[in-house]
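Participant:
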Amino acid sequence: MHYRLLEESVNQWKVELEELERNFINQATQVNAWDRLLLASAERVAQLSGLVERAQLDQQRLEHELDYVAAQQGELERLLAPLESALRTAPALSVQQHADLEREHTYHLADNINSQLNCVSRDIRDIVEQLNAANAFASQ
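Going by my numbering, the first residue of the sequence shown is number 9, and it counts up by one from there.
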């Protein structure tokens, strides 16, 4: 009877061991799946980290460009302020008055150019006379 008791104990241990082995294999399979999931997640995190870094660089570049545009806009507003002020204080001109002013400006410009051309013409005449005199003196 002692042998039979020993055999039953061995059989029971064998059944328990097989059950523990199945549990171990199931748990190992589960751990393996979790490990693969962790590795895939780590790879995705690395990709996302790279994307975040690029997005941060793009954001910094965009902020610099926006600062530049804001500075340009501020300078433009500073330059336009006196012009707008002068426009508000200037009397309103009608189209006819504006045309008259343009015509008068053009007349003064033409008169100024005419005076300059007369001056240049006199200078050229003087130079030609001097050259003729020098030629006449040289040919004697």
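The C-beta atom is built at its ideal place from N, Cα and C for all residues, glycine as well.
Along the chain, where does the alpha helix (DSSP H) containing residue 98 start, and where does it finish?
Facilitator: For the purposes of this step, residue 98 is identified with residue 90 of the sequence shown, where counting begins at 1. First-last for residue 98: undefined, no H or E at that position.
Participant: Taking only runs that begin and end inside the segment 99 to 128, name each unbroken alpha helix (DSSP H) of 4 or more residues, in chain order.
Facilitator: DSSP runs (the alpha helix (DSSP H)) wholly in the segment 99 to 128: none.
Participant: Take residue 118 and list the residues in its own chain whose beta-carbon comes closer than 8 Å to its own, dropping the five residues that flank it on each side.
Facilitator: The residue labelled residue 118 in the question sits at position 110 within the sequence shown. Closer than 8 Å at Cβ, skipping near neighbours: no residue.
Participant: Suppose you measure from the CA of residue 38 to the CA of residue 21; what does that come to, to the nearest Å?
Facilitator: The residue given as residue 38 occupies position 30 in the sequence shown. The residue given as residue 21 occupies position 13 in the sequence shown. Taking the straight line from one Cα to the other gives about 25 Å.
Participant: Just the C-alpha distance for residue 55 and residue 68, rounded to the nearest angstrom, thanks.
Facilitator: Along the sequence shown, one-based indexing puts residue 55 at 47. Along the sequence shown, one-based indexing puts residue 68 at 60. Their backbone Cα atoms lie some 20 Å apart in a straight line.
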